[in-house]
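**Q** The sequence shown stops at residue 370 when you use the numbering used here, and every number in between is there.
Ideal placement from N, C-alpha and C gives every residue a C-beta, glycine not left out.
Got a structure here, written out as structure tokens. Questions coming.
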Amino acid sequence: PADKDDTFKLFVVQAINAAQDSIWIATPYFVPDEEVITALHLAVMRGVEVRLLVPETSDHWIVGLAVHAWIDRALSNGAKVDRYKPGFMHQKVMLIDDRFSSVGSGNMDNRSFRLNFEASLLVLDKGFARKVKSMLERDFERSEPMAAGHLAGRPLLFRLMVNLARLASPLL
């Protein structure tokens, strides 16, 4: 919020657009905006593996509902999404092409993109990237993959609440 540019979001979109092989993102709050979800979709379309790791449960009920909507969209676009089972996961990590990684305080949500002061460290080191990948692989092993259309079997009221929360996404 200190400048007119959404610096963290610009970094995220640029990193996604630069990916050639893989994008792995771990975030407790996956409530992106259209630009980020579109960048992820375009990455899938150009053959990049897009893999997201989110917690099974959220610590904020309305954000948790909105996450369902954005996960459904990511799955429909061809991304792989896993729910971390052991408990709440609060890491904010991005690994691109097993070459560079980002670790910091920024979530994949509008608050981090536009409102909050965030700090992220970009590490351009293959050795560090290998350690991040190993950590994420262990977390994916303790996770459950989600399937496209995961909302279809849920009660109508739940789906309605998810869609209402999605409408509130720019504020979350």
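Per DSSP, residue 278 forms a beta bridge with which residues?
**A** Beta-bridge pairing links residue 278 to 249.
**Q** In the DSSP assignment, what are the bridge partners of residue 293?
**A** For residue 293, which the question treats as bridged, DSSP gives the partners 222 and 299.
**Q** Counting along the chain, where does the beta strand (DSSP E) carrying residue 319 start and finish?
**A** Its beta strand (DSSP E) spans residues 318-321.
**Q** My understanding is that residue 235 touches residue 292, with C-beta atoms under 8 Å, so please give their C-beta distance in whole angstroms.
**A** The pair is not a contact, with the Cβ atoms about 15 Å apart (cut-off 8 Å).
**Q** Secondary structure at residue 284, three-state DSSP: helix, strand or coil?
**A** Reduced to three states, the DSSP call for residue 284 is coil.
**Q** May I ask you to verify whether the region 329-338 touches the region 309-318, counting CB pairs closer than 8 Å and requiring at least 3?
**A** The region 329-338 is not in contact with the region 309-318.
**Q** Tell me whether residue 368 sits in a helix, a strand or coil according to DSSP, three-state version.
**A** It is helical.
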